[in-house]
Amino acid sequence: MMAQPSIHATTAATSGGTVPPLVVEHMAKSYDHHGRIVPVIADLSLTLREGEIVSIVGPSGCGKTTLLNTLCGLLVPDTGNIRWHGREVTGQPQNVGYMLQKDLLLPWRTALGNTMLGLEIRGLAAAEAEDRSRALLDQLGLHGFADHYPSTLSGGMRQRVALARTLVNEPDVLLLDEPFAALDFQSKLLLENDMLALVRKGRRSLLLITHDIEEAVSLADRVIVLSKRPTQVKAAYEIELGSDRTDVIALRERPDFSHHVRRIWADLDVVLQ
Ligand SMILES: Nc1ncnc2c1ncn2[C@@H]1O[C@H](COP(=O)(O)OP(=O)(O)O)[C@@H](O)[C@H]1O
Ligand SMILES: [Mg+2]
Numbered sequence: 228m229m230a231q232p233s234i235h236a237t238t239a240a241t242s243g244g245t246v247p248p249l250v251v252e253h254m255a256k257s258y259d260h261h262g263r264i265v266p267v268i269a270d271l272s273l274t275l276r277e278g279e280i281v282s283i284v285g286p287s288g289c290g291k292t293t294l295l296n297t298l299c300g301l302l303v304p305d306t307g308n309i310r311w312h313g314r315e316v317t318g319q320p321q322n323v324g325y326m327l328q329k330d331l332l333l334p335w336r337t338a339l340g341n342t343m344l345g346l347e348i349r350g351l352a353a354a355e356a357e358d359r360s361r362a363l364l365d366q367l368g369l370h371g372f373a374d375h376y377p378s379t380l381s382g383g384m385r386q387r388v389a390l391a392r393t394l395v396n397e398p399d400v401l402l403l404d405e406p407f408a409a410l411d412f413q414s415k416l417l418l419e420n421d422m423l424a425l426v427r428k429g430r431r432s433l434l435l436i437t438h439d440i441e442e443a444v445s446l447a448d449r450v451i452v453l454s455k456r457p458t459q460v461k462a463a464y465e466i467e468l469g470s471d472r473t474d475v476i477a478l479r480e481r482p483d484f485s486h487h488v489r490r491i492w493a494d495l496d497v498v499l500q
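Residue numbering for the sequence shown follows my numbering, beginning at 228 and increasing consecutively.
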């Protein structure tokens with residue numbers, strides 16, 4: 228059954244009594260474009276619950292990347308507040324892994340070297356950093372590619388390394404900005420499945436920005452739809468697609484899958500330009 232939209236996207240946020248990993252309240256953000264103030268995020272509130280996967284979809288240019296960059300502390304909101312595990316943080320939040328829209332691997336480091344980067348910076352012993360990184364690369368299907376440089380890997384493999392680099396720090400929360408957008412359909416489905424397994428197994432919370440409605444529905448417990456710029460939450464849907472949410476290919480074949488997709492499509496302010 229389709230849940231009714233909840234415009235604030237925060238319903239049942241505190242069910243179970245635990246503090247949600249992320250709460251955003253009435254956040255606004257604008258850019259100064261050559262002296263002209265351009266409002267990008269109008270008034271945005273949302274909650275990410277523990278262990279929850281939330282997809283955020285919205286029209287191109289509505290402010291999705293601006294939202295993610297603000298959440299991970301790269302931009303400062305004009306007003307409103309962002310609470311990580313109940314606390315307001317200035318700068319970069321702890322235990323949050325993010326993959327930016329244009330997240331590039333360092334070309335002079337191997338897949339292993341790129342994956343280990345964060346652990347090295349944190350001062351972990353080299354042997355442990357390497358063991359953990361190799362184990363994760365294996366789980367992401369890159370066994371045998373640890374010593375390859377990015378230029379010798381396919382686009383899908385490079386995204387797998389970028390994901391490994393984010394996950395190796397064992398973040399409680401992941402923020403991913405269109406991580407699979409540049410991949411061909413098959414590579415995308417395979418990587419979605421592998422990522423889903425790792426996120427669910429680690430009981431991590433995930434906020435996934437995507438412009439792909441089918442991806443949003445197949446991966447998430449909840450989909451938040453943003454309006455066009457200056458953006459705010461337009462609707463939010465609980466995605467109920469049965470208890471086995473591990474196989475995105477099987478999920479896409481369920482009759483209720485297209486029902487969810489059509490509903491969200493109708494919500495998006497998509498105009499031909
Ligand atoms: N640094 C910036 N300075 C001024 N305007 C920006 C800047 N970054 C993005 N914008 C504008 O903000 C709007 C939202 O951009 P963005 O957050 O990248 O959207 P989305 O990720 O949803 O496509 C766009 O109109 C874009 O042109
Ligand atoms: Mg973007």
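Glycine residues also receive a C-beta, built at the ideal position from the N, C-alpha and C atoms.
Within the stretch 326–354, the runs of alpha helix (DSSP H) that reach at least 4 residues and sit entirely inside it are, in chain order, 338–348. A direct Cα-to-Cα measurement between Leu346 and Ala391 gives close to 12 Å. In this model, Cys289 and Gly350 are separated by some 39 Å (Cα to Cα).
Within the stretch 414–480, the complete beta strand (DSSP E) segments of 3 residues or longer fall at 432–436, 449–453 and 460–465, listed in chain order.
The straight-line gap separating the alpha-carbon atoms of Gly324 and Ala443 is approximately 19 Å.
In the three-state reduction of the DSSP assignment, Asn296 falls in the helix class. Taking 8 Å as the cut-off, one finds at least one heavy atom of ligand 2 near enough to the beta carbon of Thr292. Boundaries of the beta strand (DSSP E) harbouring Pro266: Arg263 to Leu275, taken from the DSSP string. Phe372 and Ala362 have their C-alpha atoms roughly 12 Å apart. Judged by their CB atoms, Trp311 and Val450 are not nearer to each other than the 9 Å cut-off.
The beta-carbon distance between Val284 and Ile466, rounded to whole angstroms, is 12 Å. This is too long to meet the 8 Å contact definition.
For Asp404, the CB falls within less than 8 Å of some heavy atom of ligand 2. Closest in C-alpha terms to Ile264, from the list Asp305, Val246, Pro406 and Asp358, comes Asp305. Nearest neighbour of Leu423 by Cα position, chosen from Phe412, Arg359 and Leu435, turns out to be Leu435.
Note that the C-beta distance between Glu315 and Arg430 is not below 9 Å.
When the beta-carbon positions are compared, Leu425 and Ile476 stay at least 9 Å from each other. Judged by beta-carbon spacing, Gly300 lies beyond the 9 Å limit of Val250, meaning their Cβ atoms are not closer than that value. Distance between Ile268 and Tyr464, taken at the CA atoms: about 20 Å. For ligand 2, a non-hydrogen atom lies closer than 8 Å to the CB of Gln328.
For Ile436, the shortest C-beta to heavy atom distance toward ligand 2 is below 8 Å. Of the residues assessed, Gly382 falls on the exposed side of the cut-off, its CB having fewer than 16 other CB atoms within 10 angstroms. Between Glu357 and Leu369 the beta-carbon gap is near 14 Å, outside 8 Å, which marks them as no contact. For Glu405, the secondary structure class from DSSP, reduced to helix, strand or coil, is coil.
Inclusion of Ile309 and Leu298 in the CB contact set at 9 Å is warranted, their separation being smaller than that value.
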